[in-house]
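One structure is given below, encoded as structure tokens.
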Amino acid sequence: MLRKIRITLAVLFFVGITLLLLDFTGTLHHWLGWMAKVQFLPAVLALNAVVLVALVLLTLVFGRIYCSVICPLGVMQDVVSHLNRKKNRFTYSPALTWLRLVMLALMVVAIVAGLGSLMALLAPYSSYGRIVNNLLQPLYIWCNNGLAAIAEHYESYAFYSKEVWLKSLPTFLIALVTFVVIAILAWRGGRTYCNTICPVGTVLGYLAKFSWFKVYFDTEKCRSCSLCSKNCKASCIDFENHTIDYTRCVTCGNCLSKCNFDALHYGHPGKTEKAERTEKTGNGEKTEGSQNPTRRAFLLGSAIVATDVALAQAGKKVDGGLAEIVDRTPPKRTTPLTPPGSVSAKHMARHCTACQLCVAQCPNDVLRPSGNLLTLMQPTLSYEHGFCRPECTRCSEVCPTGAIRPIDTAQKTAIQVGHAVWVKENCLVLTDGVHCGNCARHCPSKAIMMVPSDPDDEESPMVPAVDHSKCIGCGACEYVCPARPFGAIYVEGNEVHSSL
Amino acid sequence: MNNNKDNISRRNFLKVLGLGTAAVAAPAIVSCAHGDKQSSEQEPPVGKMTYRTNPKTGEKVSLLGYGMMRLPTLDTNGSAREDKDAEIDQEMVNRQVDYAIEHGVNYFDTSPAYCKGRSEHATGVALARHKREEFFIATKLSNFSPDTWSHEAGVEMFQNSLKELQVDYVDYLLLHAVGGGEDAMAEYRARYEDNGILDYLVEQREKGVIRNLGFSYHGDIAVFDYLLQMHDEGKVKWDFVQIELNWLDWHYADEINDENTAAEYLYGELDSREIPAIIMEPLLGGRLAKLPDPIAKKVLARDPEHTVASWAFRYAGTYPRVLTVLSGMTFMHHLKENLCTYSPLKALTDDEMRFLDETIADELMEYNTIPCNDCKYCMPCPYGIDIPAIFMHYNKCLTEGNIIRETASSEYDKARRAFLIGYDRSVPKLRQADHCIGCGHCVSHCPQRIRIPHELHRIAAYVESIKQGKDATAPAH
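Sequences listed follow chains A and B, in order.
In terms of the numbering used here, the first sequence has 186 at position 186, counting the first letter as 1, and numbering is strictly consecutive.
Each position in the second sequence, counted from 1, maps to that position plus 500 in the numbering used here.
Listed below in structure tokens is the structure:
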């Protein structure tokens, strides 16, 4: 019974959170957004006392049921482990207490010191978020695009297509390595990751030690057949000594249904039991980073060549045809941008676990994981694919950790996440001698004014000037600037967001 | 039919024909239907084509002229006009040309500029399989680019046309699209007079290499008047002139844009001089084949068995001074439908003519569509904007009732979704109107004299307002 209830709830949570992380249309988070907000670490970072108290109470009453039901990374491991059909493949092993405590200590240090990237690497829910966002969402969007193509054929607007692009190579690789490592561990040893590395598992494990309900032996009925130990994915049942390591038991109920002699029960035991030992380990993850500089130089070089070719072809020879549009090279921002609602770079670094939910949800393809080592995988903004639109506050709505605080559109259009700066050398008005003013035309806060390039000559070509008191850093100017591959106007981040 | 993407009128046509199967066929009107109860699919008859006589040569020209601007391509559903890089489906071109000739079409119109310059070659290949006296070929001196304004470049372009078309003489040669450019008069002079190209062409006419010399005109009326004055003064006699004529432009060309001239004037000037008119844009790039639903209904109600497009063809063909009406027929079903319309032409009555160019034209004008007929002369935009695709999408939404400015409207959400999703489908994001910088490069190339940057900025403002879900306050055009 316990097992069936656990599996049902786990499936509901798992599917729900996965859909939440896959959805790009902004419809599901109204119904499923809470599933991200009840995750343990996000709740800690958001100082969400209600959720924290509820999760602690849940664990104190039922044991580590959180790890079996609510945590999507835990359920993912169960799924992988379940696919391995080899029967009775687990054995009891003593706990690796030292490793668990070291990992927990690292996490605490990361949170206190605000080491965002370390925190992000260790956070279980966020690891799952990255796996879904990087490995699964592209497939999901491609399927959607297939449906959109069919819909287009029938002149239906039921589906619209969405671009798939690699938002950050390091984050993709980390997600891939995380998935492969955790999947191998789960295939071989069930919940190895949860009971050696996961800091949330460790915290809840020590709470679960004191839980009211737990699995316990009826020593009189037990014939020491070892079936329970052989089917415990947490390797926490020592059938010989009739002890269970409650710090590792995730109350999955598998042992209960396997026992042929009704010797295991879930409930409040009459007398408490203790057991602990040590041996063996699992494995952590590795980070990989930074694009190869020569490759970047090559891409840049070919982009420049391509522009020249495109401009050469632009001369009117025949009717029709489309001029090539060169990809925009993102500007080097001295201060990276963080989304409106994230208060400051420091607030973001300290609160974000890099679960990628905001990145997955961003409808304008503005958010992408940072490649900076200190804020690795945390969201940052850039405006090659669109700009941070005034009517959208979706990232602030979905963020489970409070790294991006909830804001409404009125607040959003008053938050200065950065300020536009003009790059005179790139401006087409001066380089190509054309009329432009597209940045000023599209500035939603009317912060850009067109002024004569020569202050002494009213007739000289008009160039943009930015009124920093009005600029909110939304990036509309950067997005619509025609200068390519290097834009003539871009947004510099404000380390601490200010308000108009 | 001139519009390739558009199957609506065709579908409507089949639908109404389907309804008509049970009815007794009316042979006088439905010349193309079988009239049996099993099928109503149209097969054009052979030997019924209407011909007009060229007063200079006495030759009989088919009222339907084949425009070779929108040739079919391999592996795409569009024409070589939509997808410039797609390979032309020569086999299909051959089949359609054969079919057209078999059904009496003898006028084929091409240009060195069409289909990235591949139209002449494909036309030449298809026609070389027929006897030279079976067809008339029209091509143009399409020296749009200033680097082809020299005498040598002009001569080379003409000689190359002969080579590509595999002929030693051209039946009809046109100065291509005079009246365009920022200073239309200056541009005309630079293209044809100052470099002596016009003299060269007249000389070629005397030699018989060009049998008829004329010009195609868009835009500045001063150039049109100037060229006719040359005719009156006997400097250059024009054997024909190609103009844009359809039931919307008859009265409204100048109201749509005050720099244009109503077709009524153009045709009148030619008629009074007994110069034959060749008609282009009988469907305004397909716009007159796909009318807003309430208007289409009125036209169809007059005659449920004929398409909206066929009305436009009959309209153009009814004017007696018209030598031929050009249609860029990408697909066989376009060809068949047009063959039916002109085999033979059933001329419209005066009442029917006024029904179209007054009643229906008045109503269409109310829709305020942008008068773009997707000719793509504005392209390529140096900044990559897909100008015609943006206008086509905007017009489509306008005629379908999907431009709604008031958020309070119950249809607002549906219209907004249709506009925005359709916009992303028709135009890639970086080629949309918000990326127009207003450099003005396109303006002088537009034969319809649309203020392209102004219209693009207006559309961008509309898009921005509906994206924000606000009431649109975009200025009217």
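Note that beta-carbon positions come from the ideal geometry of N, C-alpha and C, so glycine has one too.
The structure displayed is predicted, hence computed values, not measured ones.
With a 10 Å radius around the Cβ and a threshold of 16 neighbouring Cβ atoms, residue 351 (chain A) comes out buried. Straight-line spacing of the CA atoms in residue 907 (chain B) and residue 389 (chain A) works out to 19 Å.
Non-local C-beta neighbours of residue 941 (chain B) in its own chain, meaning closer than 6 Å and more than five positions away in sequence, comprise 882, ordered along the chain. Under the 8 Å criterion on CB atoms, residue 968 (chain B) is classed as interfacial with respect to chain A. Taking all protein chains in view, the Cβ of residue 236 (chain A) is crowded by 16 or more other Cβ atoms within 10 Å, so the residue is classified as buried. Using beta-carbon distances, residue 717 (chain B) does not count as an interface residue toward chain A, since no partner is under 8 Å.
Taking residue 855 (chain B) as reference, the option from B:798, B:781, B:658 and B:920 with the minimal CA-CA separation is B:798. Between the C-alpha atoms of residue 912 (chain B) and residue 31 (chain A) there is a straight-line separation of about 25 Å. Taken through DSSP and simplified to helix, strand or coil, residue 671 (chain B) comes out as strand. Chain B has a Cβ within less than 8 Å of the Cβ of residue 323 (chain A). The beta carbon of residue 35 (chain A) lies closer than 7 Å to those of 13, 16, 17 and 20 in the same chain, with the five residues before and after it left out. Listed in chain order, the beta strand (DSSP E) elements of length 3 or more contained wholly in the stretch 701 to 756 of chain B are 710 to 717 and 740 to 744. Only buried fits residue 216 (chain A), as 16 or more other CB atoms lie within 10 angstroms of its CB. Burial state of residue 707 (chain B) is exposed, judged by a 10 Å Cβ sphere holding fewer than 16 other Cβ atoms.
As the crow flies, the alpha-carbon of residue 418 (chain A) is around 12 Å from that of residue 380 (chain A).
Excluding five sequence positions before and after residue 387 (chain A), the CB atoms of its chain that fall closer than 6 Å to its own CB belong to 474, 475, 476 and 479, given in chain order. Under the 8 Å Cβ criterion, the stretch 924 to 936 of chain B counts as touching the stretch 947 to 966 of chain B, having at least three qualifying pairs. By the neighbour-count criterion, in which a residue is buried when 16 or more other Cβ atoms sit within 10 angstroms of its Cβ, residue 82 (chain A) is exposed.
Within the same chain, Cβ atoms closer than 7 Å to the Cβ of residue 947 (chain B) are found at 677, 680, 718, 719, 875 and 877, the five residues on either side in sequence being excluded.
Only those residues of the stretch 901 to 932 of chain B whose C-beta falls short of 9 Å from the nearest C-beta of chain A are listed: 914, 917, 918, 920, 921, 922, 924, 925, 928, 929, 930 and 931.
Here residue 435 (chain A) carries a coil assignment [DSSP, helix/strand/coil]. As summarised for the stretch 340 to 389 of chain A, the continuous alpha helix (DSSP H) elements at least 4 residues long and confined to that stretch are 345 to 351 and 357 to 361, given in chain order. For residue 954 (chain B), no Cβ of chain A is located within less than 8 Å of the residue's own Cβ. Residue 389 (chain A) has a beta carbon lying within less than 8 Å of a beta carbon in chain B. Going by DSSP, residue 640 (chain B) is part of the beta strand (DSSP E) stretching over 636 to 641.
Taking 8 Å as the threshold, the shortest C-beta distance from residue 935 (chain B) to chain A falls below it.
The stretch 640 to 655 of chain B makes contact with the stretch 689 to 701 of chain B; the number of CB pairs closer than 8 Å reaches 3 or more. Nearest to residue 861 (chain B) by C-alpha distance, out of B:753, B:925 and B:671, is B:753. One thing to note: residue 403 (chain A) has its Cβ within 8 Å of the Cβ of residue 45 (chain A). Counted as a single uninterrupted DSSP element, the alpha helix (DSSP H) harbouring residue 97 (chain A) occupies residues 97 to 113. Straight-line spacing of the CA atoms in residue 590 (chain B) and residue 574 (chain B) works out to 9 Å.
Identification of residues in the stretch 877 to 891 of chain B having a C-beta nearer than 8 Å to some C-beta of chain A yields 877, 879, 880, 881, 882, 883, 884 and 886, given in sequence order. Burial is judged here by how many other beta carbons sit within 10 angstroms of a residue's own beta carbon; residue 142 (chain A) has fewer than 16 and is exposed. By the neighbour-count definition (other C-beta atoms within 10 Å, threshold 16), residue 916 (chain B) is a buried residue. If you ignore the 5 residues before and after residue 416 (chain A), its C-beta comes within less than 8 Å of the C-beta of 471, 472, 473, 494, 497, 498, 499 and 500, all in its own chain and listed in chain order.
Note on the stretch 185 to 249 of chain A: whole alpha helix (DSSP H) runs with a minimum of 4 residues are 192 to 196, 199 to 208 and 227 to 230, in chain order.
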